[in-house]
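Only one structure is covered here, and it is reproduced in the block below.
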Amino acid sequence: MTERCKLFHGIAPQRLTNLLSALNVSRRSYGDGQIILAQGERTESLGVVENGSIDALHYTADGNKSLISQLGTGQVFADFIAASASKESPVTLTAQGDCTVLLIPLKGLFSAPDGFETEMRTLMTNLVGIYADQYFELKNRVFCITAPSLREKILRFLSLQQEKAKSAVINLPMSRERMATYLNTERSALSRELMRMKNEGIIDCKGRQFILKINRK
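Residue numbers (the numbering used here): 1095 to 1311.
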């Protein structure tokens, strides 16, 4: 599965295996709900989701949580934490279902192991591309949660999902509970607003499947 990760695209499987060994990369498996990195913890390794997905959750002092981002196969995490002076995670990273992660010591990325210069250039190019994807994902979430009303939050969110799906039918990658957390609202408030929007003919929805019935452009 490793060669399917975005970070390693363009690197031959056997060369990749040897490169990971040279970089002292470790592999760890987690079950559903297990914490990979807790808020306030430190790490000196950049993480890569080899298989599965994880949630990045921020907890406030009163116990409320906010879904900051979802990370899928090939995405990178804890990179800025490993490189920062404080090295304390602002979020808790939790496995969603079974997942496997790779931990790459950050110091190993600053110089290419002998004989792996070409592979390291490919890896670093891929890393820049991943950063770009994460930037736009964060930008999209900020766009959603800063909407002036819950209805507008939902409409912005569904419009972005529709653009991503390139289809009139949207199959959400998250449950209603996680959608509420992502939009920084309560599950009950989200359910009520979705029902009102459905009754008004703005959307159609069943489970995780949505159809946006108005033109947002």
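Just so it is clear, CB atoms sit at the ideal spot from N, CA and C, and this is done for glycine as well.
- The C-beta of S1115 has fewer than 16 other C-beta atoms within 10 Å across all chains shown, which makes the residue exposed.
- For R1281, the enclosing alpha helix (DSSP H) has its first and last residue at R1281 to N1293.
- Only residues of its own chain outside the window of five on either side were considered, and among them S1163 have a CB closer than 7 Å to the CB of E1231, listed in chain order.
- Rounded to the nearest whole angstrom, the C-alpha separation of I1198 and R1290 is 48 Å.
- In the three-state reduction of the DSSP assignment, L1117 falls in the coil class.
- Here I1175 is not near T1219, since their CB atoms are 8 Å or more apart.
- Measuring C-alpha to C-alpha distances from Q1169 to each of S1253, T1186, I1148 and S1178 identifies I1148 as the nearest.
- Looking at the DSSP output, V1143 shares a beta bridge with V1195.
- According to the DSSP assignment, N1265 belongs to the beta strand (DSSP E) that extends over V1263 to N1265.
- Annotation for E1271: R1281 place their beta carbon closer than 6 Å to its own, counting only its chain and skipping 5 residues before and after.
- If you keep only unbroken alpha helix (DSSP H) runs of at least 4 residues inside the stretch 1215–1283, you get 1244–1259 and 1270–1276.
- In the DSSP annotation of this structure, the continuous segment of the beta strand (DSSP E) that includes I1162 starts and ends at K1159 to L1165.
- Counting only residues of its own chain and dropping the five nearest sequence neighbours on each side, L1117 has a CB closer than 8 Å to the CB of I1198, P1199, G1202, L1203 and P1207.
- Here DSSP, grouped into helix, strand and coil, assigns D1208 to coil.
- For I1308, the secondary structure class from DSSP, reduced to helix, strand or coil, is coil.
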